[in-house]
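*Asks:*
Protein chains in written order, with the working numbering: chain A, 2 to 480; chain B, 3 to 104.
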């Protein structure tokens, strides 16, 4: 770890947009991809005289993340104003929780690539509002869309506990999974729903003082974070070896060159002039309230993986695939609860369902497929009502929202396993093909294949091949 | 009366607020802000060592809104009040990043 004789120290501040229905301080919808400024009102625009009221849902979502990260939830929260002037926020301040963050002293146990576990401590986490989006024109103007303004964020501030780009990467990936399974955000990187501010410094091994840190803001790709840190480790070590001072500054990551570029040197600390927000009521959080939120907290990915492997007999790799999204894991749990064989259900979701989602670029929850229908189809396979071959057609149908049993019946996709129905056909086919019986007795196994083919034809493909084979072989031996 | 705030501090606060003043304006606001701070200096003579700090005067603890979306459809009126708009976006003079948070 580190570069040569230096130890790298990394701290991360991660912002995640929470998918509440409405904004933190106004009832405007939280929805990505709408027409510019569609989801804004006088509160979002910071008009004078408005009286914002905080969103209970945003507080509870924040509590879920705090609980999932084992943080202590503050019994008393008041809001603060963080002042800055920039067109992405017409209020000229961000409403945040500076003095009384929602949660403190949490941790995340991170599994590292070598299989070991590292505990990254969470210094604090708090709820605040996101800003709007600025697009800089080449004409000297900026163009502002305030749809995102006021979207609730959870900011998670780690202790400087990470010591390599790989550790930071693993932390971000696993933090994302923890958040996914709280149900507060899908944390879509490409939509900017999860972004990291990175602090990195180096110091000689054994030194008890941190080196001067460099900050990089708003990186929305874990790979970029890893690349930026790898570059900074080397750059800072080279500077120290050359006797040059590390300057406290903000840099940005440049993907084409996989390097970081200085943006500005900090002459003074950021001057945000925090002060208590007078327009919002303080919040008291009782143990009862915490208990209520804890009861609503979905089971984590890790808990589910352990259950799948130990109780349902699922392969560890498959358990990981099933817990890549909360929607998939919930779908799987419900399918099993609806009576499907756990392994078959896992195979369908990992194989056919994922292939379908990839092909159509759809999210599972947007499709017409339901756990009830998938379980219904699997039960039809399990009890021999349909063959796995017939199941392919039924699967196509349940993707379109059809009920599997009704569909199979209506389309003749029913396997015939009843010997009382099959036996007369076997007798008829044998009577009609004396030559094949001779061939069979003469040791030509090919004859059996021909006879099976005739029987499948007769049953319009619906005969249960296993039962059919047994009946045919028994009948042949008697002739 | 001692100087409460320097011209440099006023210039700094003005720059944070993206405001620019000429000499006369800077003098005027230095004096006004100084007066305000003097008033607080008077208030600070009161012994408050035994008093809990007041962060909010509202007694309305846990006054919260349920998480229900309601679009007030004010976009057109709001954009009409913007200095300039272009394709439903608010058009503003570019401020270089690095001066502010996102």
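Don't be surprised by glycine CBs; every beta carbon is placed ideally from N, CA and C.
Using a beta-carbon distance below 9 Å, is residue 23 of chain A in contact with chain B?
*Replies:* As a first step, residue 23 of chain A is located in the first chain; it is residue number 22 there, counting from the start. Yes, because at least one Cβ of chain B sits closer than 9 Å to the Cβ of residue 23 of chain A.
*Asks:* Closest to residue 193 of chain A by CA distance: which of A/201, A/183, A/223, A/69 is it?
*Replies:* Here residue 193 of chain A is taken as the residue at index 192 of the first chain, counted from 1. Considering only alpha carbons, the answer is A/223.
*Asks:* Interface residues of chain B around residue 36 of chain A at Cβ under 9 Å?
*Replies:* Position 35 of the first chain, counted from the start, is the residue given in the question as residue 36 of chain A. Here the neighbours are 77, 90.
*Asks:* Classify residue 446 of chain A as helix, strand or coil using the three-state DSSP reduction.
*Replies:* Numbered from its first residue, the first chain carries residue 446 of chain A at position 445. In this structure, residue 446 of chain A counts as coil in the three-state DSSP scheme.
*Asks:* Taking contact to mean 3 or more Cβ pairs, one atom from each stretch, closer than 8 Å, check whether the region 69-81 of chain B and the region 284-299 of chain A are in contact.
*Replies:* No, because fewer than three Cβ pairs between the region 69-81 of chain B and the region 284-299 of chain A fall closer than 8 Å, the two stretches do not touch.
*Asks:* For residue 63 of chain A, does the three-state DSSP call read helix, strand or coil?
*Replies:* To locate residue 63 of chain A, count along the first chain from 1; it is residue 62. Helix.
*Asks:* Measure the C-alpha to C-alpha separation of residue 480 of chain A and residue 354 of chain A and round it to an integer number of angstroms.
*Replies:* The residue given as residue 480 of chain A occupies position 479 in the first chain. The residue given as residue 354 of chain A occupies position 353 in the first chain. Cα to Cα, residue 480 of chain A sits roughly 47 Å from residue 354 of chain A.
*Asks:* Where residue 94 of chain A and residue 363 of chain A are concerned, what is the direct C-alpha to C-alpha distance, given to the nearest angstrom?
*Replies:* Here residue 94 of chain A corresponds to residue number 93 of the first chain, with the count starting at 1. Here residue 363 of chain A corresponds to residue number 362 of the first chain, with the count starting at 1. Going from the Cα of residue 94 of chain A to the Cα of residue 363 of chain A covers about 38 Å.
*Asks:* Within 9 Å (strictly less), CB to CB, does residue 18 of chain B reach chain A?
*Replies:* For the purposes of this step, residue 18 of chain B is taken as residue 16 along the second chain, with counting starting at 1. Yes, its Cβ sits closer than 9 Å to a Cβ of chain A.
*Asks:* On a Cα-Cα basis, can you pick out the residue from A/80, A/14, A/338, A/48 that is closest to residue 278 of chain A?
*Replies:* Along the first chain, one-based indexing puts residue 278 of chain A at 277. Per the Cα distances, A/80.
*Asks:* So, does the CB of residue 41 of chain B fall closer than 9 Å to a CB anywhere in chain A?
*Replies:* Sequence index remark: in the second chain, residue 41 of chain B carries index 39 (1-based). It does not; no Cβ of chain A falls within 9 Å.
*Asks:* For the 8 Å Cβ check, are there 3 or more pairs between the region 184-203 of chain A and the region 213-222 of chain A?
*Replies:* With the cut-off at 8 Å, the region 184-203 of chain A and the region 213-222 of chain A touch.
*Asks:* When you compare only the Cα positions, how much space is there between residue 25 of chain A and residue 59 of chain A?
*Replies:* Taking the first residue of the first chain as 1, we reach residue 25 of chain A at position 24. Taking the first residue of the first chain as 1, we reach residue 59 of chain A at position 58. Cα-Cα distance, rounded: 6 Å.
*Asks:* Going along chain B, which residues have a C-beta under 9 Å from residue 285 of chain A?
*Replies:* Residue numbering aside, residue 285 of chain A sits at position 284 when the first chain is read from its first letter. Near residue 285 of chain A (Cβ distances below 9 Å), the residues of chain B are 63, 64.
*Asks:* Judging by CA-CA distance, which residue of A/458, A/452, A/312, A/390 is the nearest neighbour of residue 472 of chain A?
*Replies:* Along the first chain, one-based indexing puts residue 472 of chain A at 471. Considering only alpha carbons, the answer is A/452.
*Asks:* Check the Cβ of residue 41 of chain A against every Cβ in chain B and list those closer than 8 Å, keeping chain order.
*Replies:* If you number the first chain from 1, residue 41 of chain A lands on position 40. Residues of chain B passing the Cβ test: 76, 77, 80.
*Asks:* What separation, rounded to the nearest whole angstrom, lies between the Cα atoms of residue 31 of chain B and residue 12 of chain B?
*Replies:* Within the second chain, residue 31 of chain B is the residue found at index 29, counting from 1. Within the second chain, residue 12 of chain B is the residue found at index 10, counting from 1. Answer to the nearest angstrom: the Cα atoms are 7 Å apart.
*Asks:* Would you check if the region 148-166 of chain A and the region 34-41 of chain A touch, i.e. whether three or more CB-CB distances between them fall below 8 Å?
*Replies:* Result yes; three or more Cβ-Cβ pairs closer than 8 Å.
*Asks:* Show which residues of chain A have a CB atom less than 8 Å away from the CB atom of residue 9 of chain B.
*Replies:* What you label residue 9 of chain B is simply residue 7 of the second chain in a count that begins at 1. Ordered by position in chain A, no residue passes the 8 Å Cβ test against residue 9 of chain B, which lies about 17 Å from the chain.
*Asks:* Once DSSP output is grouped into helix, strand and coil, what is the label at residue 19 of chain A?
*Replies:* One-based indexing of the first chain puts residue 19 of chain A at position 18. It is coil, neither helix nor strand.
*Asks:* How is residue 102 of chain B classed by DSSP in three states: helix, strand or coil?
*Replies:* Translated into the one-based positions of the second chain, residue 102 of chain B becomes position 100. Only weak support exists for where residue 102 of chain B lies, its pLDDT of 40 falling under 50; the value from the coordinates is given anyway. Here residue 102 of chain B sits in coil by DSSP.
*Asks:* Per DSSP, what are the beta-bridge partners of residue 423 of chain A in this structure?
*Replies:* Taking the first residue of the first chain as 1, we reach residue 423 of chain A at position 422. Bridge partners of residue 423 of chain A: none, in fact.
*Asks:* Per DSSP, residue 81 of chain A forms a beta bridge with which residues?
*Replies:* As a first step, residue 81 of chain A is located in the first chain; it is residue number 80 there, counting from the start. In the DSSP output, where bridge partners are listed per residue, residue 81 of chain A has A/97, A/277.
*Asks:* To the nearest angstrom, report how far apart residue 101 of chain B and residue 173 of chain A are at their CA atoms.
*Replies:* Mapped onto the second chain, residue 101 of chain B falls at position 99. Mapped onto the first chain, residue 173 of chain A falls at position 172. Its pLDDT being 44, under 50, residue 101 of chain B is placed unreliably in this model, and the value from its coordinates should be taken loosely. One C-alpha to the other measures close to 27 Å.
*Asks:* Taking DSSP's pairing of strands, which residues face residue 154 of chain A in a bridge?
*Replies:* Counted from its first residue, the first chain places residue 154 of chain A at position 153. In DSSP, residue 154 of chain A forms a bridge with A/18, A/129.
*Asks:* Indicate whether at least one CB of chain B lies closer than 9 Å to the CB of residue 272 of chain A.
*Replies:* Looking up residue 272 of chain A in the first chain gives position 271. Judged by the 9 Å Cβ criterion, residue 272 of chain A is in contact with chain B.
*Asks:* At the level of alpha carbons, what is the spacing between residue 396 of chain A and residue 62 of chain A?
*Replies:* As a working note, residue 396 of chain A is residue 395 in the first chain. As a working note, residue 62 of chain A is residue 61 in the first chain. When rounded, the distance between both Cα atoms is 36 Å.
*Asks:* Could you give the uninterrupted runs of the alpha helix (DSSP H) lying entirely in the region 304-385 of chain A, keeping only those of 4 residues or more?
*Replies:* Segments of the alpha helix (DSSP H) lying fully in the region 304-385 of chain A: 317-323, 327-338, 343-349, 355-361, 372-383.
*Asks:* For residue 90 of chain A, does the count of other Cβ atoms within 10 angstroms reach 16, so buried, or fall short, so exposed?
*Replies:* To locate residue 90 of chain A, count along the first chain from 1; it is residue 89. Under this definition residue 90 of chain A is a buried residue.
*Asks:* In this structure, what does DSSP give as the bridge partners for residue 195 of chain A?
*Replies:* What you label residue 195 of chain A is simply residue 194 of the first chain in a count that begins at 1. Looking at the DSSP assignment, residue 195 of chain A forms a beta bridge with A/17.
*Asks:* Which residues in the same chain as residue 381 of chain A place their Cβ atom closer than 8 Å to its Cβ, once the five residues preceding and following it in sequence are excluded?
*Replies:* On the first chain, position 380 is the one that residue 381 of chain A refers to. Cβ neighbours of residue 381 of chain A beyond the five flanking positions: 387, 392, 395, 405, 406, 409.
*Asks:* To the nearest angstrom, how far is the alpha carbon of residue 187 of chain A from that of residue 66 of chain A?
*Replies:* In the first chain, residue 187 of chain A corresponds to position 186, counting from 1. In the first chain, residue 66 of chain A corresponds to position 65, counting from 1. Taking the straight line joining both Cα atoms gives about 13 Å.
*Asks:* If the criterion is Cβ atoms closer than 9 Å, does the pair residue 372 of chain A and residue 338 of chain A meet it?
*Replies:* Walking along the first chain from the start, residue 372 of chain A turns up at place 371. Walking along the first chain from the start, residue 338 of chain A turns up at place 337. Yes.
*Asks:* Going by Cα to Cα distance, which pick from A/427, A/295, A/399 is closest to residue 72 of chain A?
*Replies:* Position 71 of the first chain, counting from 1, holds the residue named residue 72 of chain A. Answer by Cα proximity: A/295.
*Asks:* Could you check which residue in A/336, A/30, A/34, A/36 has the C-alpha nearest to that of residue 45 of chain A?
*Replies:* By 1-based counting over the first chain, the position of residue 45 of chain A is 44. Comparing Cα-Cα distances from residue 45 of chain A to each of A/336, A/30, A/34, A/36, the minimum goes to A/30.
*Asks:* Using a C-beta cutoff of 9 Å, does residue 59 of chain A count as contacting chain B?
*Replies:* As a position in the first chain, residue 59 of chain A is number 58, starting the count at 1. Taking Cβ atoms only, chain B reaches closer than 9 Å to residue 59 of chain A, which makes this a yes.
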